[in-house]
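>
Residue numbers (our numbering), protein chains in the order written: chain A, 1 to 377; chain B, 1001 to 1232.
This is the structure we're talking about:
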C-alpha cells in the first residue's frame, strides 16, 4: 500500500479512504479479491495512462449520465477530473457550441486510436419523410445525424462502451413499432461494443469495465449480447434477497398487502428476475443503497435486449400470445385452454356422429357379408 | 366368409412399461408445471426457512422431466433395435404412411369403406405420435434452456453438465426471443401436450369400441385382436 501512496500526489482533491473504497468495490464487481485492490488503484492513478474518454449522447433521457453523477465514492467531480479524463460530455462539460465541437475534434486527433468512447442512447436508422430526409435524420445534432457522429467518433476509438439499454440494444425507442428505426450503437455501426445495459446502467459496472481495460489493455470477456461476464453472468433471480421466499412458496399477490410488507417473493406480481441477467443485488444503485426488488418492486428485465417488447406486461407473469386472426393478445393459458376445448368439442361431435351412425354402418357390413356369401357360395 | 379374430402379441413388456412411465411423468409435469407458472394452490406458511413448497414442486418437475426424457430415449432405442419388432418406420410421415393415414381419417369421419386391420401402429396413430413426440422434444429443449439459466455459475462436473445443456439448448433462445419467449413457448406447448394427449386417449377408446379389435388392451397386456380369414 505504501508504495502506491507515493504515486497519488496528483490526487489532491480526493479522499484517500473514498478512493480505496471505490477500488475495493470495483475489485469486488470484477471478482478479483483483496490483493488486486492496490493494482486497481495503481491503474487508476497512473496519470500518464489516464484514459481520454468521449461521452456521446444519442436518443436517450440522460438517465445514464444521471446515474453516473450519483456515484459518491468518489464523487463525480473526482471521477471526471482526477480519475478519468472525460474530455467531452455534452451534459456536464463547461464548453458549449463551436468550442465544444472543437474540443471533440482536438481530443480525437490527439488521442487517435487510444481514446475510449462511451455511448449513451440509441441511433435511429430510418429516413424521415420529406425532400431533405437523411438516413438517420430523426436524430440530428449540429447538422450531423447521430449515425454520422457515431461513425466519425467510434472509427478511431480504442474501444466503444455502450451504457444503458438504449445504446446497447435500442431501448425504449426501439420498442414496437419503432418509428425511427432505432437500434443499438453496435448494430448501427456494425462494430463490436461492450454493453452495460440496464435502465439506467450501473456506473460501478461501467467504471469496472474501463478499469479492466486499463489494467489488462483489453476489454472484459462478454456473453453473446456483448455484456461483460463479471456483471452479467448470473440471473437476478439466483442472487435475489427474496429467493428464500420463492423456494418457500411465499408470494406477494397484491400491492400493499401484508405479504408485501413481509418482503415475500414478487414472482406473481410479474417480477422478471428469472429471465434477467445482471448484478443489481451485488452492485446496487445510488452508492450501493438500493435496487428495485429491494425497494419492493419487481424486476422489469431492463438489462435484456428488447425488454420493452419481450418483458411486458411488467406486472404479469407471462406475456400474451398474438393470435394470428384479429390481432388480439391473449395469454398462453387462454389459447391453450381454447385449443384443448376445441379438441374436446371435436371429439364430442365425432363421437355423436359416428356412434349415431352405428346401425347404418353395421347393417352395411352385414349386407356385404351376405353378398359375399352369395357370390362365394 | 366368416371373420375369425385372433389374439396377437403387439407390444412387449418394456414398451408397455415405458408408455406408462411417460404417462405418469406427463401428468406430473403438467400439474407441477401449472403450479410453477402460477403458484395458485399451495403457499408456504410460517417463516421461509420452515417451508420449501415451490422448491419441492420444482424438484418433482425436474425429476419427472428427466424420467420422461430418459424413457423417451429408451423408447427411441427400442424403436430402432427391438428384437421383437422395430417400429420406427411406422411413425415417419412418409408419402405411403400419409396416404393411409388420410384414408383412415376419412373412414373415422365418414365410416365409408372399410378400415384395414393393422397389427402394429396404424398409420393415423403413427402421424399423431410423430407430432406428439415433436412437441415433447420441443418441451425437452425449451425446458432445459430454462433449467440451465439457473445453474450458470456451476463448477466442476456440474459445470460440464451446464455447458453441455447450453450447447444443446441455446438455439431456443435465438428462435423464441430470449428467456421470456422460451418460457412462453414452454408454457404454451404444455397445452399442446394436454390437447394432444386428450385426442390420443379419445381416439384409442373410440377405436376399441368401434373397430372391436381391443386396441386399448395392447398397451395393458400387450395383445390385441386381428382378423384372420379362415374357412368359408
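Where a beta carbon is used, it is the ideal one built from N, C-alpha and C, also for glycine.
So, is the C-beta of residue 381 of chain A closer than 7 Å to a C-beta in chain B?
In this structure chain A extends from 1 to 377, so residue 381 of chain A is not present and cannot be described.
> Please determine if the segment 98-115 of chain A and the segment 167-179 of chain A are in contact, where contact requires at least 3 C-beta pairs separated by less than 8 Å.
Taking 8 Å as the limit for Cβ pairs, the verdict is that the segment 167-179 of chain A does not touch the segment 98-115 of chain A.
> Applying the 10 Å Cβ sphere with the 16-neighbour rule, what's the burial state of residue 1201 of chain B?
The residue in question, residue 1201 of chain B, is exposed, as its Cβ has fewer than 16 Cβ neighbours within 10 Å.
> With 16 other CB atoms within 10 Å as the buried threshold, where does residue 206 of chain A fall?
Looking at its Cβ environment, which holds 16 or more other Cβ atoms inside 10 Å, residue 206 of chain A is buried.
> Identify the contact partners of residue 292 of chain A in chain B, using a Cβ-Cβ distance below 9 Å as the criterion.
Result: empty, since nearest Cβ-Cβ is about 17 Å, beyond 9 Å.
> Scan the segment 291-313 of chain A for residues whose Cβ lies nearer than 9 Å to a Cβ of chain B and list them as they occur along the chain.
Of all residues in the segment 291-313 of chain A, 301, 304, 305, 306, 307, 309, 310 and 311 have a Cβ within less than 9 Å of some Cβ in chain B.
> Unbroken alpha helix (DSSP H) runs of length 4 or more, entirely within the segment 221-259 of chain A: which are they?
229-232 and 243-248, all fully within the segment 221-259 of chain A.
> For residue 331 of chain A and residue 1022 of chain B, I'd like the C-alpha separation in whole angstroms.
Spanning the two alpha carbons is a distance of roughly 28 Å.
> Please return the same chain residues whose Cβ sits closer than 7 Å to the Cβ of residue 1084 of chain B, not counting the five positions on each side in sequence.
Excluding residues within five positions, the ones whose Cβ falls inside 7 Å are 1012.
> Under 8 Å, with one C-beta from each stretch per pair, do the segment 237-250 of chain A and the segment 1053-1069 of chain B reach the 3-pair mark?
Because the criterion of three Cβ pairs below 8 Å is met, the segment 237-250 of chain A and the segment 1053-1069 of chain B touch.
> Using beta-carbon positions only, say whether residue 128 of chain A and residue 138 of chain A come within less than 7 Å of one another.
A contact, by the Cβ cut-off of 7 Å.
> Any beta-carbon of chain B closer than 7 Å to the one on residue 270 of chain A?
Chain B, which has no Cβ nearer than 7 Å to the Cβ of residue 270 of chain A, makes this no.
> Which complete alpha helix (DSSP H) runs does the segment 1142-1201 of chain B hold, if anything under 4 residues is left out?
Listed in chain order, they are 1156-1176.
> Compare the C-beta of residue 175 of chain A against all C-beta atoms of chain B and say whether one is closer than 7 Å.
It does not; no Cβ of chain B falls within 7 Å.
> Applying the criterion that 16 or more other CB atoms from any shown protein chain within 10 Å of the CB defines a buried residue, is residue 180 of chain A buried or exposed?
Burial call: buried.
> In whole angstroms, what is the alpha-carbon distance linking residue 149 of chain A and residue 308 of chain A?
Each residue's Cα considered, the two are about 27 Å apart.
> Does the beta carbon of residue 1194 of chain B sit closer than 7 Å to a beta carbon anywhere in chain A?
So yes, residue 1194 of chain B belongs to the interface.
> Is residue 91 of chain A closer than 7 Å to residue 62 of chain A when the C-beta atoms are compared?
A contact, by the Cβ cut-off of 7 Å.
> Please report the distance separating the alpha-carbon of residue 1185 of chain B from that of residue 1017 of chain B.
Spanning the two alpha carbons is a distance of roughly 29 Å.
> I'd like to confirm the pairing. Which residues does DSSP put opposite residue 1225 of chain B in its beta bridges?
DSSP lists B:1007 as partners of residue 1225 of chain B.
> How far does the alpha helix (DSSP H) with residue 159 of chain A in it extend, from its first residue to its last?
Careful: residue 159 of chain A lies outside any alpha helix (DSSP H), inside the beta strand (DSSP E) at 159-163.
> Can you name the start and end residues of the beta strand (DSSP E) that residue 85 of chain A belongs to?
Residues 85-89.
> State the beta-bridge partners of residue 124 of chain A as determined by DSSP.
BP columns for residue 124 of chain A point to A:182.
> Is residue 291 of chain A helix, strand or coil when you go by DSSP?
Looking at residue 291 of chain A - three-state DSSP - the assignment turns out to be coil, as it is neither helix nor strand.
> Taking C-beta pairs closer than 9 Å, name the residues in chain C that residue 1037 of chain B reaches, listed in chain order.
Although the question refers to chain C, the structure presented lacks it and instead comprises the protein chains A and B.
> From what residue to what residue does the beta strand (DSSP E) around residue 52 of chain A run?
That run of the beta strand (DSSP E) goes 52-57.
> Please report the Cβ distance between residue 273 of chain A and residue 237 of chain A, rounded to the nearest whole angstrom; I am assuming they are in contact, meaning their Cβ atoms lie under 8 Å.
Their Cβ separation, rounded to whole angstroms, is 4 Å, which keeps residue 273 of chain A and residue 237 of chain A in contact under 8 Å.
> Please report the residue range of the beta strand (DSSP E) in which residue 194 of chain A lies.
Counting along the chain, the beta strand (DSSP E) containing residue 194 of chain A begins and ends at 194-196.
> Please list, in chain order, the chain B residues whose beta carbon lies closer than 7 Å to that of residue 250 of chain A.
Here the neighbours are 1043, 1044 and 1048.
> Would you please verify whether the beta carbon of residue 182 of chain A is less than 7 Å from any beta carbon of chain B?
Cβ-Cβ to chain B under 7 Å: no for residue 182 of chain A.
> Would you check if the distance between the CB atom of residue 1179 of chain B and the CB atom of residue 275 of chain A is smaller than 7 Å?
Taking 7 Å as the Cβ cut-off, residue 1179 of chain B and residue 275 of chain A qualify as a contacting pair.
> What does the alpha-carbon distance come out to for the pair residue 172 of chain A and residue 64 of chain A?
Each residue's Cα considered, the two are about 14 Å apart.
> Examine chain A for any beta-carbon lying closer than 7 Å to the beta-carbon of residue 1051 of chain B, and answer yes or no.
Residue 1051 of chain B counts as touching chain A.
> Just to make sure I have the definition right: I need the residues of chain B whose C-beta is within less than 7 Å of the C-beta of residue 246 of chain A. Which are they?
The answer, in chain order, is 1054.
> In chain order, what residues of the same chain lie with their CB nearer than 8 Å to the CB of residue 24 of chain A, ignoring the 5 residues before and after it?
Closer than 8 Å at the Cβ level, and outside the excluded window around residue 24 of chain A, lie 34 and 37.
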